[in-house]
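Asker: For the sequence shown, our numbering gives the first residue as 9, with consecutive numbering after it. Glycine residues also receive a C-beta, built at the ideal position from the N, C-alpha and C atoms.
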Amino acid sequence: MKQSPYDSPRTLWAIALAFLAIWLYMLGSRTLVPTDEGRYAEMAREMLATGDWITLRLNGIKYFEKPPLQNWMNALTFALFGLGDWQARLWTGVCGLLGVAAVAYTGSKVFSFRIGISAALVLGSSFYWAGMGHVNSLDMGLSGMMTLSLCGLLVAQHASKGSTTERNAMLVCWLGMALATMSKGLIGFVLPGAVLVLYTIWTRDLGLWTRLHMGKGLILFFAVTAPWFILIALRNPEHPHFFFIHEHFDRFTSDVHKRGGAWHYFIPLLILGIIPWIGMLLQGLKTGLGEAAGQFQPRKMLLIWSAFLFFFFSISGSKLPGYILPIFPALALLIAVHIEAVGNKSVKISAALLILIGIAGLGALAYFLGNLDPVKQAYDIPLYHDFAPWLVATCLIAIAGGIGAWLLLRRGETGKDWAIITIASAGYLLGQIAFQGHDPWGKYIAGTAHLSAMRAELKDPATPLYAVGRYEQALPFYLERTTILVEFPDEMEFGLIQEKQLWIPKREDFIKKWQSHQDKGQPAVAILRTDIYEDLKNTGFPMRVIGQDPRRVIVANLVTPK
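1) Just the Cα atoms here: how many angstroms apart are P75 and G371?
2) Taking only runs of the alpha helix (DSSP H) that begin and end inside the region 111-160, which ones reach a length of at least 4 residues, in chain order?
3) Taking Cβ positions, are F86 and Q78 nearer each other than 8 Å?
4) Would you tell me roughly how many angstroms separate the C-alpha atoms of G184 and P200, rounded to the nearest one?
5) Under the DSSP definition of a beta bridge, which residues are partnered with G503?
6) Is it buried or exposed for E516, if we count other Cβ within 10 angstroms and need 16 for buried?
7) How many Å lie between G152 and K294 at the Cα?
8) Residues bridged to W511 by DSSP?
9) Counting along the chain, where does the beta strand (DSSP E) carrying L4 start and finish?
10) Taking all protein chains shown into account, do 16 or more other C-beta atoms lie within 10 angstroms of the C-beta of D539, making it buried, or fewer, making it exposed?
11) If you run the structure through DSSP and keep just helix, strand and coil, what is W566?
12) What three-state label does DSSP hand K70 in the structure shown?
13) With a CB to CB cut of under 6 Å and the five nearest residues on each side skipped, what residues in its chain are close to L98?
14) Between the Cα of L28 and those of G132, W61 and T100, spot the shortest distance and give me the residue it belongs to.
15) Could you say if the region 26-46 and the region 132-143 meet the contact criterion of at least three C-beta pairs nearer than 8 Å?
16) Let's see if you can read the secondary structure: which residues bound the beta strand (DSSP E) around L289?
17) Does the beta-carbon of I343 have 16 or more other beta-carbons within 10 angstroms, so that it is buried, or is it exposed?
18) So if DSSP puts D557 in a beta bridge, which residue, or which two residues, is it bridged to?
19) Using C-beta distances below 7 Å, list every residue in its chain close to A270, excluding the 5 sequence neighbours before and after it, in chain order.
20) Please tell me whether D498 and Y486 are closer than 8 Å, where the distance is taken between their beta carbons.
21) For the pair the region 155-169 and the region 106-122, tell me if three or more CB-CB distances fall below 8 Å.
22) From the DSSP output, read off the bridge partner residues of Y479.
23) Hey, could you find the ends of the alpha helix (DSSP H) T39 is sitting in?
24) Thinking C-beta only, is P397 closer than 8 Å to V111?
25) On the premise that G196 lies in contact with A177, defined as a C-beta separation below 8 Å, what is that separation, rounded to the nearest angstrom?
26) W522: which of P558, T471 and K570 sits nearest, CA to CA?
27) Provide the residue span of the alpha helix (DSSP H) that contains I431, from first to last.
28) To the nearest whole angstrom, what separates the beta carbons of V355 and I428, a pair I think is in contact under 8 Å?
29) Could you check the C-alpha separation between K520 and E50 for me, to the nearest Å?
30) Does the region 544-562 come into contact with the region 456-469, if we say contact requires no fewer than three beta-carbon pairs (one atom in each stretch) closer than 8 Å?
31) Alpha carbon to alpha carbon, how far is P334 from G412?
32) Grab me the residues of V203's own chain with a C-beta within less than 6 Å of its C-beta, minus the 5 sequence neighbours each way, in chain order.
Right, here's the structure in full:
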């Protein structure tokens with residue numbers, strides 16, 4: 009152990025390849041979990057099936073909440089590799105890897121090679137980043153593109169003024185903002201722009217504005233973003249008001265989406281998300297305060313990025329767990345700077361906290377399993393018990409990783425480097441194992457146990473599939489067909505205002521339609537909310553149950569499918 013692993017290309021390549029193998033394998037190891045994973049897989053499937061790459065649709069209904077980049081990339085993946093779980097997660101997986109590569113490169117260019125390696129280890133093993141890199145949602149797509157903009161800015165402003173590196177890195181920054189805008193809307197450039205303004209106010213570095221290559225950058229930005237926004241507005245005049253006003257201004261200033269939360273909503277999520285680096289979080293942030301004045305102060309920029317984005321989403325009227333994901337690359341770079349600047353003490357604290365997390369996790373799990381209600385949670389208890397061994401394994405990995413890192417720290421500077429790798433490995437593995445153990449729950453939430461029975465009834469593509477009182481976000485993707493909504497518009501309410509013919513607003517009209525299928529000898533299938541099933545059962549509704557669990561009841565009419 010005389011040579012530092014940071015100085016051994018063979019060791020670094022071995023770590024990178026092992027990390028990459030696990031990352032890629034995990035993309036397809038689990039069922040797509042509603043709501044986000046099913047929604048964005050289905051939207052891309054419909055895009056590919058219809059050939060319409062401009063007007064976004066969910067369940068065949070106009071759906072204008074977000075821009076199209078993720079749907080485009082998923083649809084392209086489906087076109088190349090077919091439909092499937094790993095294909096639906098490939099774009100987010102690539103965006104997560106892009107973030108890790110970007111902080112490694114930026115850390116090396118702006119600070120040092122060692123800081124670049126540490127930043128990659130921190131980000132790649134952070135529970136939230138590694139986890140969300142395996143979830144088909146917009147948050148990682150946005151975060152990956154915002155990381156491009158952040159890292160492009162850092163590299164550009166660190167480079168010599170007027171150099172090719174400065175220009176190219178700034179164009180990467182502009183491209184990142186454009187792709188972030190195409191991922192999730194105006195925050196893709198509003199938030200980086202606000203960070204730049206705040207940095208200027210703090211450092212009084214007005215010269216930075218002369219190095220943004222704004223002319224070329226704006227041309228690139230609008231070349232990427234403008235065509236789709238123009239085309240969708242021409243085809244759908246209702247889009248601009250809904251997208252720019254309802255989905256941005258109203259969402260931020262009110263609880264219109266019923267996704268509010270307390271001011272401290274994101275604090276526990278930040279603590280959970282930065283595992284296994286909790287012990288260095290505050291110290292990492294503190295490094296941004298101690299930077300000496302100079303031409304460009306990257307640590308201050310990283311601190312402002314982290315703090316402002318966290319504050320922005322904390323005061324928003326709409327909160328979801330993934331919103332703070334874009335701050336993690338900045339935190340990883342700050343923590344890496346701290347790791348390089350200090351001795352073993354902070355690493356020991358992180359190792360000790362990892363051990364405590366493992367021990368506390370075992371205790372919490374034992375308490376939880378011992379207090380399950382055998383009556384109220386009868387269906388859930390087997391799922392909890394199936395999940396328990398995986399969670400035990402994650403706790404043991406945390407304990408072993410913490411102990412291993414603590415022992416390695418006795419071996420000087422080289423031991424410290426191996427300790428960092430050990431903590432990162434433990435954090436990465438415990439997160440991926442926990443995600444894998446959740447798969448039985450994912451299957452239950454998605455309803456995939458009923459796919460075989462449903463496919464048998466839906467052999468004829470003309471057989472209608474109704475969703476009564478609920479919308480299933482994953483089943484349509486796996487069945488490769490849309491549903492006819494009844495009584496409950498869910499998140500498609502705006503689209504159904506535009507296309508009222510695509511659903512059945514009243515239950516009594518559905519009952520008449522169902523009876524008509526029965527009278528004509530036409531098979532039909534419906535997914536019912538459980539209370540609606542009980543109501544219909546008491547009226548002699550012609551149906552037979554083909555699938556049932558506490559979330560849903562799936563019925564077919566009394567006609568035998570051919």
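Answerer: Considering the structure as presented:
1) A direct Cα-Cα distance of roughly 44 Å separates P75 from G371.
2) Listed in chain order, they are 121-133 and 135-140.
3) No.
4) So the two alpha carbons sit approximately 10 Å from each other.
5) For G503, no pairing in a beta bridge is given by DSSP.
6) The residue is exposed, with fewer than 16 neighbouring Cβ atoms inside 10 Å.
7) Their Cα atoms are separated by approximately 25 Å.
8) DSSP, once it has assigned bridges, lists L493 as partnering W511.
9) Nothing can be reported for residue 4: it is not among the residues displayed for the chain, which extend from 9 to 570.
10) Classification of D539: exposed, given that the 10 Å Cβ count is below 16.
11) Here the sequence assigns Leu to residue 566, which means Trp is not the residue at that position. Reduced to three states, the DSSP call for L566 is coil.
12) The answer is strand: DSSP assigns K70 an E or B state.
13) The residues are T85.
14) Its Cα nearest to that of L28, the residue G132 stands out among G132, W61 and T100.
15) Taking a cut-off of 8 Å on C-beta distances, the region 26-46 touches the region 132-143, as three or more cross pairs fall below it.
16) Element bounds for L289: not the beta strand (DSSP E) but the alpha helix (DSSP H), I286 to T295.
17) Counting C-beta atoms within 10 angstroms of its own C-beta, I343 has 16 or more neighbours from the protein chains shown and is therefore classed as buried.
18) Looking at the DSSP assignment, D557 forms a beta bridge with R560.
19) Counting only Cβ-Cβ distances below 7 Å, and skipping sequence neighbours, we find nothing.
20) Cβ distance not < 8 Å, so D498 and Y486 don't count as in contact.
21) Touching, per the Cβ criterion.
22) Answer by DSSP bridge pairing: none, since Y479 is not bridged.
23) Taken as a continuous stretch (DSSP letters only), T39 belongs to no alpha helix (DSSP H), as it is neither H nor E.
24) When the beta-carbon positions are compared, V111 and P397 stay at least 8 Å from each other.
25) 18 Å between Cβ atoms; not a contact.
26) When only C-alpha atoms are compared, the closest one is T471.
27) Per DSSP, I431 belongs to the alpha helix (DSSP H) from G420 to G445.
28) At roughly 7 Å, the Cβ-Cβ gap stays under 8 Å, so V355 and I428 are in contact.
29) Between the alpha carbons of K520 and E50 lies a distance of about 29 Å.
30) The region 544-562, when compared against the region 456-469, does touch it at the 8 Å Cβ threshold.
31) Spanning the two alpha carbons is a distance of roughly 31 Å.
32) Taken in chain order, the residues that qualify are I312, W313 and F316.
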